[in-house]
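A.B. asks: Quick note: to get our numbering, add 55 to the position in the sequence shown (first position is 1). The beta carbon of each residue, even a glycine, is placed where N, CA and C say it ideally should be. Pasting in a structure now, in structure tokens, and then I'll have a few things to ask.
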Amino acid sequence: MDLEHDCEFLHRFNPLSEWGKCWRDFETDGGDWNDALYPIGNGIKQAIEKVRRR
56 MDLEHDCEFL
66 HRFNPLSEWG
76 KCWRDFETDG
86 GDWNDALYPI
96 GNGIKQAIEK
106 VRRR
């Protein structure tokens, strides 16, 4: 997802955790795309907290 074009609202709060990694990057070295869910969820939580502090 290209946040700058697909979700400009969230793009302002980058870098989110795991910024610059795609799903395939998590599949290298025997990993799985599901491994991305925790850090992405964590990044979204951080963005929400950043908005609340404003």
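So which of His66, Asp61 and His60 has the shortest CA-CA distance to Ile99?
C.D. replies: When only C-alpha atoms are compared, the closest one is His66.
A.B. asks: Can you grab the Cα-Cα spacing for the pair Arg107 / Gln101, in whole Å?
C.D. replies: Between Arg107 and Gln101, the C-alpha separation is close to 10 angstroms.
A.B. asks: State the DSSP-derived secondary structure class of Gly85, mapped to helix, strand or coil.
C.D. replies: Gly85: helix per DSSP, three-state reduction.
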